[in-house]
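In structure tokens:
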């Protein structure tokens, strides 16, 4: 396209030249500015089943203030539903694990909903999803903490339903089961929810390794024990996908007038 300018108007010529220069640099040009804008980073939350070494984790975290070898072990524990010391053993023995494609994507990762609208009027609420299996504790509908857990080896050993914390015992001892040494099994930071089923700290070798109790890592068990109060509601669901249906089954606790609008 040819542009004709009258030479007798030097101010117009100067303005036009300046405009062309700025546009060539990307200023005031809508098309160039849109393509040069930084795009939001897409996090890769995929994972691969493979062996991973300690040297790989150390190399991965060198100079990274947001990631450490211990944080990587915790991520692997959450993803593989095993206590951290079992993860360390698996790494040393070069056993395959679920390994994140991007560890940074799992720093704040949780499989649980960050908010449950139906329970915003509940000051404290505990959710256990058997199909994952994971546990989360909520304050007025917002996730306050979570952890991987171990539930009954058979589906019926940990029953789905809505319960409340009936009692709390910081150093409970099992009256039904014994440990490898033949002594009564310890159940630290225990909270009974129904019959002989307790939430307590325990040894987590996988997601389904208990006689029915809901076991969680010791540090999380202590945190939850101090957070929860007698009477705190505990909902155990067979599947996280059926959470809404499970909540709808208990109108006596979750009446419409108390639900979020």
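Residue numbers (my numbering): 17 to 277.
Where a beta carbon is used, it is the ideal one built from N, C-alpha and C, also for glycine.
These numbers were taken from a predicted model, which means no experiment stands behind them.
Of the residues 109, 259, 154, the one placed nearest residue 69, counting alpha carbons only | When only C-alpha atoms are compared, the closest one is 109.
Among 87, 124, 207, 189, which one has its Cα closest to the Cα of residue 200? For the residues 87, 124, 207, 189, the minimum Cα distance to residue 200 belongs to 189.
Check your understanding: Measuring CB to CB, does residue 184 end up less than 8 Å from residue 241?
Key -> Cβ distance < 8 Å, so residue 184 and residue 241 count as in contact.
Exercise for review: Would you check if the stretch 141-149 and the stretch 223-232 touch, i.e. whether three or more CB-CB distances between them fall below 8 Å?
Suggested key: Here the stretch 223-232 lies against the stretch 141-149, with 3 or more beta-carbon pairs under 8 Å apart.
Through-space distance from residue 111 to residue 94, alpha-carbon basis: Cα to Cα, residue 94 sits roughly 17 Å from residue 111.
*asked:* By the three-class DSSP mapping on this structure, what secondary structure does residue 116 have?
replied: Strand at residue 116.
Q | Straight-line gap, residue 228 to residue 182 (C-alpha atoms, nearest Å) | A | Spanning the two alpha carbons is a distance of roughly 17 Å.
In this structure, does DSSP put residue 231 in helix, strand or coil? Residue 231 falls in the strand class under three-state DSSP.
- Task: Note the first and the last residue of the continuous beta strand (DSSP E) segment covering residue 187.
- Result: That run of the beta strand (DSSP E) goes 183-194.
Checklist line | Exposure of residue 101, with buried meaning 16 or more beta-carbon neighbours within 10 Å | finding: The residue in question, residue 101, is exposed, as its Cβ has fewer than 16 Cβ neighbours within 10 Å.
Handout entry: Cβ pair count under 8 Å reaching 3, the stretch 126-135 against the stretch 150-165
Key = These segments touch.
Practice prompt. For residue 64, I'd like the list of residues in its chain whose CB is within less than 7 Å of its CB, leaving aside the five on either flank, ordered along the chain.
Written response: Non-local beta-carbon contacts of residue 64 in its own chain, meaning distances under 7 Å to residues more than five positions away in sequence, involve 115, 117 in chain order.
Exercise for the section: Assign residue 139 to one of two classes, buried (16 or more other C-beta atoms within 10 Å of its C-beta) or exposed (fewer than that). Expected result: It counts as exposed.
On a Cα-Cα basis, can you pick out the residue from 87, 262, 187 that is closest to residue 251? When the alpha-carbon of residue 251 is set against those of 87, 262, 187, the nearest one is in 262.
Pull up the distance between the alpha-carbon of residue 178 and that of residue 96, whole angstroms please. Cα to Cα, residue 178 sits roughly 27 Å from residue 96.
Worksheet item: In three-state DSSP terms, what is residue 106?
Response: Of the three classes helix, strand and coil, the one that applies to residue 106 here is helix, per DSSP.
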